[in-house]
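Colleague: The opening position of the sequence shown corresponds to residue 3 in the UniProt record's numbering, with each subsequent residue numbered one higher. This structure is in structure tokens; I'll ask about it shortly.
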Amino acid sequence: NRHFDVNITRRDFPSLAQKIHDKPLVYLDSAATSQKPLAVIESISQYYSGANANVHRGSHSLTASATNRFETARKTVADFLNAPVEGIVWTRGATEALNLIAQSYARQNLDQGDEIIVTEMEHHANIVPWQLVAEQTGAKVVKWPVNTKTCQLDLAELDNLLTQKTRMVCIAHISNVTGTRNPVETVIEKAHQAGAVVVVDGAQAVVHEKINVTAMNPDFYVFSGHKLFAPAGIGALYGKPSLLEAMPPWHGGGKMVEKVSFSGTQYAQSPAKFEAGTPNVAGAIALGEAIHWLSSIDRKGAEAHIAALQNQLIEGIQGIENLRVVGLQNGASVVAFNIDGVHHSDIATLLDQQGVAVRSGHHCAHPLMNALGINGCVRISIALYNTKKDISHCVAAIQKASDLL
Ligand code: PMP
Numbered sequence: 003n004r005h006f007d008v009n010i011t012r013r014d015f016p017s018l019a020q021k022i023h024d025k026p027l028v029y030l031d032s033a034a035t036s037q038k039p040l041a042v043i044e045s046i047s048q049y050y051s052g053a054n055a056n057v058h059r060g061s062h063s064l065t066a067s068a069t070n071r072f073e074t075a076r077k078t079v080a081d082f083l084n085a086p087v088e089g090i091v092w093t094r095g096a097t098e099a100l101n102l103i104a105q106s107y108a109r110q111n112l113d114q115g116d117e118i119i120v121t122e123m124e125h126h127a128n129i130v131p132w133q134l135v136a137e138q139t140g141a142k143v144v145k146w147p148v149n150t151k152t153c154q155l156d157l158a159e160l161d162n163l164l165t166q167k168t169r170m171v172c173i174a175h176i177s178n179v180t181g182t183r184n185p186v187e188t189v190i191e192k193a194h195q196a197g198a199v200v201v202v203d204g205a206q207a208v209v210h211e212k213i214n215v216t217a218m219n220p221d222f223y224v225f226s227g228h229k230l231f232a233p234a235g236i237g238a239l240y241g242k243p244s245l246l247e248a249m250p251p252w253h254g255g256g257k258m259v260e261k262v263s264f265s266g267t268q269y270a271q272s273p274a275k276f277e278a279g280t281p282n283v284a285g286a287i288a289l290g291e292a293i294h295w296l297s298s299i300d301r302k303g304a305e306a307h308i309a310a311l312q313n314q315l316i317e318g319i320q321g322i323e324n325l326r327v328v329g330l331q332n333g334a335s336v337v338a339f340n341i342d343g344v345h346h347s348d349i350a351t352l353l354d355q356q357g358v359a360v361r362s363g364h365h366c367a368h369p370l371m372n373a374l375g376i377n378g379c380v381r382i383s384i385a386l387y388n389t390k391k392d393i394s395h396c397v398a399a400i401q402k403a404s405d406l407l
């Protein structure tokens, strides 16, 4: 891979060249969804222009080649996570993958009184599915509180929470609000010693670090394509093949069966067992393309670039009166903040008027907002295609908004 150069990388993203309110777009909302490189956009168009067919059925040439590309993309995802290909299930995204684990694994394996530890910094997608399955099984969701000073999790707290009743631990690899990177490797070790299964939400992590599920050893790891330069509507679940094999299906329909009759149905093997219905073939192929695109980048160089931009941003906003950073994590790709006495959504609206796209609100993390005693915040999230100029524009725009409000 050639040395990372943002000016070269940026050229791959046509959407970044547009204007918003007559100002050059400064896109700083990549934690919500990333922009897409041309290679990914073209792969979707090429698929529908010349390769579209349903997969895993029929015997004509197009269906055979679509199936082949669809399964090759699965192998690309498996290699990307250093997982065995039998461990990869296509889903619509992280949310669907978490619901699959809850409704297939947890619903089958949890009983009255069993405990699911969920951290207080989770996205709602890694909280609500556990609450639903707790209601169905009589299990209990146990909160692992966040240290509100550091916006990190204390491992000593986990030692207190792990009991003989603990069956599962659910944790984000990287927080979508503060960018906190959780020590998932240690969490997994501790949880396994206590006999619990670990679910890692990698939605924010896959884009920023090399994932190796074989070394990390989670039982389940999930992510969404759309935060990884791929389209929305495709994502993946990694599950240990031994667990997937033992899990019942959660959706019924075509493709997930060996044989159907009114006297009983025989299910297909995993992962087909979890993939009822016609899948998002173009999405899967495009996700494979996004991973190939990312593999052509010097990722270490890209992360150093992002960290330098985060540093520039932190320094730039330091002087802005009454601005408080929420749970600052040095070296992360996000900075969340509030300005005392000003509503976060007003700041985001004023930034938008200056062409700067950021996210404001609760970031689907009500429990974390409550713990921090705020009703929301502005989140700036940086991707490898952002530039120093983006950051200086953003800092100037925040200063201007703060002067106006
Ligand atoms: N977990 C985290 C940490 C996230 O940031 C997100 C997306 N904001 C999700 C889960 C849910 O992902 P999706 O909406 O793509 O299913």
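Built from N, CA and C at the ideal position, the CB exists for glycine as well.
Is the separation between the beta-carbon of Gln314 and that of Lys402 shorter than 8 Å?
Modeller: Cβ distance not < 8 Å, so Gln314 and Lys402 don't count as in contact.
Colleague: Determine the burial state of Gly241: buried for a count of at least 16 other Cβ atoms within 10 Å of its Cβ, exposed for fewer.
Modeller: With 16 or more Cβ atoms within 10 Å of its Cβ, Gly241 is classed as buried.
Colleague: Pro131: which of His194, Val186 and Ala104 sits nearest, CA to CA?
Modeller: Taking only the C-alpha atoms, the option nearest Pro131 is Ala104.
Colleague: Is Lys38 buried or exposed, if buried means 16 or more other CB atoms sit within 10 Å of its CB?
Modeller: So Lys38 counts as buried.
Colleague: Gln206 and Asn178: beta carbons closer than 8 Å?
Modeller: Yes.
Colleague: Relative to the C-alpha of Val91, which residue among Pro26, Glu277, Ala292 and Ala234 is closest?
Modeller: Among Pro26, Glu277, Ala292 and Ala234, the Cα nearest to that of Val91 is on Glu277.
Colleague: To the nearest angstrom, report how far apart Thr182 and Ala334 are at their CA atoms.
Modeller: Going by the C-alpha atoms only, they are around 7 Å apart.
Colleague: Using only alpha-carbon positions, find the residue among Gln110, Val120, Gly227 and Ile118 that is nearest to Ala99.
Modeller: Of the listed residues, the one whose Cα sits closest to Ala99 is Gly227.
Colleague: Buried or exposed: Ser298, going by 16 or more other Cβ atoms within 10 Å of its Cβ?
Modeller: With fewer than 16 other Cβ atoms within 10 Å, it is exposed.
Colleague: State the start and end residues of the unbroken beta strand (DSSP E) segment that holds Trp146.
Modeller: Counting along the chain, the beta strand (DSSP E) containing Trp146 begins and ends at Lys142 to Trp146.
Colleague: Go ahead and pull the three-state DSSP assignment for residue 418.
Modeller: Given that the chain is displayed from residue 3 to residue 407, the structure contains no residue 418 and the question cannot be resolved.
Colleague: Taking only heavy atoms of ligand 1 into account, decide whether any of them is closer than 7 Å to the Cβ of His228.
Modeller: Correct: His228 has its Cβ closer than 7 Å to ligand 1.
Colleague: Quick check on DSSP: helix, strand or coil for Asp31?
Modeller: The answer is strand: DSSP assigns Asp31 an E or B state.
Colleague: Report yes if the CB atom of Ala309 is closer than 8 Å to the CB atom of Val327, and no otherwise.
Modeller: Taking 8 Å as the Cβ cut-off, Ala309 and Val327 do not qualify as a contacting pair.
Colleague: For the region 11-31 against the region 352-371, are there 3 or more C-beta pairs whose distance is under 8 Å?
Modeller: In short, these stretches touch, since the Cβ pair count reaches three.
Colleague: Is Leu160 closer than 8 Å to Val201 when the C-beta atoms are compared?
Modeller: The answer is no: Cβ separation not under 8 Å.
Colleague: Nearest to Thr180 by alpha carbon, out of Ile384, Ile393 and Ala399?
Modeller: Nearest C-alpha to Thr180: Ile384.
Colleague: Is Asn128 close to ligand 1? I mean its beta-carbon at under 7 Å from any heavy atom of the ligand.
Modeller: Yes - ligand 1 has a heavy atom lying nearer than 7 Å to the Cβ of Asn128.
Colleague: Have a look at Ser194 and Val259 and give me their C-alpha separation to the nearest angstrom.
Modeller: First, the residue type needs correcting, since residue 194 is His and not Ser in the sequence shown. Approximately 33 Å, taken between the alpha carbons.
Colleague: Rounded to a whole number of angstroms, what is the C-alpha to C-alpha distance between Asp405 and Gly89?
Modeller: Whole-angstrom Cα-Cα distance: 53 Å.
Colleague: Buried or exposed: which applies to Asn282, given that a residue is buried once 16 or more other Cβ atoms fall within 10 Å of its Cβ?
Modeller: Asn282 comes out buried.
Colleague: Buried or exposed: Ser244, going by 16 or more other Cβ atoms within 10 Å of its Cβ?
Modeller: Exposed.
Colleague: Check for me: the alpha helix (DSSP H) holding Arg301 runs from which residue to which?
Modeller: Segment Arg301 to Ile319, the alpha helix (DSSP H) holding Arg301.
Colleague: Tell me which same chain residues have a C-beta within less than 8 Å of the C-beta of Ser106, skipping the five on either side of it?
Modeller: Contacts found: Met249, Pro250, Pro251, Trp252 and Phe276.
Colleague: Does the distance from the CB of Thr69 to the CB of His62 come in under 8 Å?
Modeller: Taking 8 Å as the Cβ cut-off, Thr69 and His62 do not qualify as a contacting pair.
Colleague: Assuming the contact rule is C-beta atoms closer than 8 Å, Ile119 and Val144 should be a hit. Round their C-beta distance to whole Å, please.
Modeller: So it is a contact: roughly 5 Å between Cβ atoms.
Colleague: If you drop the 5 nearest sequence neighbours on each side, which residues of the same chain put their C-beta closer than 7 Å to that of Glu211?
Modeller: Once the five neighbours on either side are set aside, Glu211 has no close Cβ partner at all.
Colleague: Based on the DSSP output, what are the partners of Asp203 in its beta bridges?
Modeller: Asp203 pairs with Ala174 and Val224.
Colleague: So, under 8 Å CB-CB, Gly279 and Gly303 are touching, yes? Tell me the CB distance rounded to an integer number of Å.
Modeller: Not confirmed; about 41 Å, so no contact.
Colleague: Can you name, in chain order, every residue of its own chain whose Cβ lies under 6 Å from the Cβ of Thr267, other than the five neighbours on each side?
Modeller: Excluding sequence neighbours, Thr267 sits near Val259.
Colleague: Between the beta-carbon of Cys172 and the beta-carbon of Glu117, is there less than 8 Å?
Modeller: No, the Cβ-Cβ distance between Cys172 and Glu117 is not below 8 Å.
Colleague: Taking just the CA atoms, how far does Ala284 sit from Tyr50?
Modeller: So the two alpha carbons sit approximately 8 Å from each other.
Colleague: Return helix, strand or coil for Tyr107, following the three-state DSSP convention.
Modeller: Tyr107 falls in the helix class under three-state DSSP.
Colleague: Ala136 and residue 410 - do their beta-carbons sit closer together than 8 Å?
Modeller: Look at the range of the chain in this structure, 3 to 407, and you will see that residue 410 is not part of it.
Colleague: Where does Phe82 sit, in a helix, a strand or coil, going by DSSP?
Modeller: Residue state, collapsed to three classes: helix.
Colleague: Give the DSSP bridge partners of Cys379, in chain order.
Modeller: DSSP output for Cys379 lists Gly363 as bridge partner(s).
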